[in-house]
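Sequence positions in the sequence shown follow numbering that gives the first Met the number 0 and run 0 to 156. Here a beta-carbon is modelled for each residue, glycine too, at the ideal position from N, C-alpha and C. Just so it is clear, the structure is predicted and the values come from calculations on it, not from any experiment.
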Amino acid sequence: MAAEAMTGGCQCGAVRFRVGRFGSASICHCRMCQKAFGSFFGPFVTAHDLVWTRGTPKYFASSHKVKRGFCVNCGTPLTYETGGPVEIAIGALDHPNLAAPKMQVNPTDKLPVFDGMCSLPVRAVGADPQQEAFNASLTSFQHPDHDTNEWPPKGQS
0 MAAEAMTGGC QCGAVRFRVG RFGSASICHC RMCQKAFGSF FGPFVTAHDL
50 VWTRGTPKYF ASSHKVKRGF CVNCGTPLTY ETGGPVEIAI GALDHPNLAA
100 PKMQVNPTDK LPVFDGMCSL PVRAVGADPQ QEAFNASLTS FQHPDHDTNE
150 WPPKGQS
């Protein structure tokens with residue numbers, strides 16, 4: 000696996016990390032993960048030999064046994080920590096496809112809509128020209144999916 004494949008960070012680039020190797024990957028349906036991600040579930044992979052290469056997360060104790068790391072600047076969820084190996088948010092990886100979840104946990108909190116999501120209709124490319132024009136007009140300030148020597152680039156703050 001390429002060295003770049005084992006890196007990641009937050010959306011704004013203030014926090015970056017490198018992982019020595021991945022452990023198991025899963026999605027968690029618990030209500031705390033739903034709230035932490037603002038989504039239907041929290042996707043995580045165990046991150047062995049985790050090194051913070053730029054900045055460090057801020058932490059929120061979501062319970063007396065769990066703390067969650069996030070970027071204080073942009074709010075990106077980054078970690079789930081219980082005192083054992085750190086779990087990294089899969090979406091924060093530069094190459095999230097390398098950490099495909101192999102299991103679901105806390106299914107009793109799974110939202111009923113989750114099971115039918117893959118059968119939702121898909122908007123075809125070209126079906127909404129106004130939305131596509133808007134998307135094409137956007138200038139992204141998101142950090143690229145690779146390490147950079149500095150961020151943000153000179154002239155962008």
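Check the DSSP bridge columns for Trp51 and list the partner residues they point to. Note: Trp51 sits in a beta bridge opposite Phe16.
The beta strand (DSSP E) spanning Phe59 covers which residue range? Membership of Phe59 in the beta strand (DSSP E) is indicated by the continuous run Lys57 to Ala60.
So which of Tyr79, Arg15 and His142 has the shortest CA-CA distance to Ser25? The shortest Cα separation from Ser25 among Tyr79, Arg15 and His142 belongs to Tyr79.
Which partner residues does Glu80 have in the DSSP bridge list? Looking at the DSSP output, Glu80 shares a beta bridge with Lys66.
Taking only the alpha-carbon atoms, compute the straight-line gap between Glu3 and Ala91 and give it to the nearest angstrom. Low confidence applies to Glu3: its pLDDT is 47, below 50, so where it sits in the model is not reliable enough to give any reading.
For the beta strand (DSSP E) that contains Met31, what are its first and last residues? Segment Arg30 to Phe36 is the alpha helix (DSSP H) holding Met31; no beta strand (DSSP E) there.
Can the beta-carbon of Val14 be found less than 9 Å from the beta-carbon of Gly8? Yes, Cβ-Cβ distance for Val14 and Gly8 is below 9 Å.
Near Ala98, what residues of its chain come up, given a Cβ to Cβ distance below 7 Å and the 5 sequence neighbours on each side ignored? The answer, listed in chain order, is Phe21, Ala24, Val44, Ile89 and Leu92.
How far does the alpha helix (DSSP H) with Gln130 in it extend, from its first residue to its last? Unbroken alpha helix (DSSP H) run through Gln130: Pro128 to Ser136.
I think His47 touches Asn105, with their Cβ atoms under 8 Å apart; what is that distance to the nearest whole Å? With a Cβ gap of about 23 Å, His47 and Asn105 do not count as contacting.
Using the rule of at least 16 other Cβ atoms within 10 Å of the residue's Cβ for burial, across every protein chain shown, is Thr55 buried or exposed? Taking all protein chains in view, the Cβ of Thr55 is surrounded by fewer than 16 other Cβ atoms within 10 Å, so the residue is classified as exposed.
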